[in-house]
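Engineer: Residue 53 is where the sequence shown starts when you use our numbering, and the numbers rise one by one after that.
Every residue gets a Cβ at the ideal spot worked out from N, C-alpha and C, and that includes glycine.
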Amino acid sequence: MDNQSLTKLQQTHLAIWNEKDRTTRDALMQTIYADDIKMYDKDFILNDRAAVSDFIDKLFAGDANFNFTIIKPMESTQHGARLYWEIRTGPQPNVLTGMDFFVVDDEKVAHLFVFMDAE
Numbered sequence: 053m054d055n056q057s058l059t060k061l062q063q064t065h066l067a068i069w070n071e072k073d074r075t076t077r078d079a080l081m082q083t084i085y086a087d088d089i090k091m092y093d094k095d096f097i098l099n100d101r102a103a104v105s106d107f108i109d110k111l112f113a114g115d116a117n118f119n120f121t122i123i124k125p126m127e128s129t130q131h132g133a134r135l136y137w138e139i140r141t142g143p144q145p146n147v148l149t150g151m152d153f154f155v156v157d158d159e160k161v162a163h164l165f166v167f168m169d170a171e
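1. Taking all protein chains shown into account, decide if M81 is buried (16 or more other Cβ within 10 angstroms of its Cβ) or exposed.
2. Which class does N70 belong to by DSSP, given the choice of helix, strand or coil?
3. What number of angstroms, rounded off, separates the C-alpha of E71 from the C-alpha of V104?
4. Does DSSP put F154 in a helix, a strand or coil?
5. Could you tell me the distance, in whole angstroms, from the CA atom of N55 to the CA atom of F107?
6. Between the Cα of D157 and those of G114, E127, I89, spot the shortest distance and give me the residue it belongs to.
7. Taking the alpha helix (DSSP H) that K110 belongs to, which residues open and close that run?
8. Within its chain, find whatever has a CB closer than 7 Å to the CB of Q62; leave out the 5 residues flanking it on each side and keep chain order.
9. Could you spell out the range, first to last residue, of the beta strand (DSSP E) harbouring K94?
10. Quick one: measure Cβ to Cβ for A170 and M53, integer angstroms, because I've assumed they're closer than 8 Å.
11. DSSP three-state label for N117, please.
12. Buried or exposed: D152, going by 16 or more other Cβ atoms within 10 Å of its Cβ?
Have a look at this one:
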């Protein structure tokens, strides 16, 4: 994955997860996520862009202060990339950290594996 593609993926992924407006978020998702993206969490699997967007809606409904930030620049290997992040929630910031691993196929994210660090 070249640096330009990696930068676009990192910036757009961050924008998607911080976007409260569903229409804007869904338009951003179309640029980097495959229609049938699979998102894997330790407790569930989401099976398309709409399901991922629904999940983001639930995060904002549960905490309007939800904010996703990058803590380490994205790194890639072949058709994969990883991104370390933190999420700040609540009026008194509670910080959650983790890593997303992306599998890219045909220039779009086909699989997104989400790893949350232990609290």
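Structural biologist: Let's see:
1. buried
2. helix
3. 13 Å
4. Correct three-state label for F154: strand.
5. 29 Å
6. For D157, the nearest C-alpha among the options comes from I89.
7. For K110, the enclosing alpha helix (DSSP H) begins and ends at 101 to 114.
8. I122, M126, L135
9. Neither: K94 is in no beta strand (DSSP E) and is coded neither H nor E.
10. The Cβ separation is near 29 Å, so there is no contact.
11. coil
12. buried
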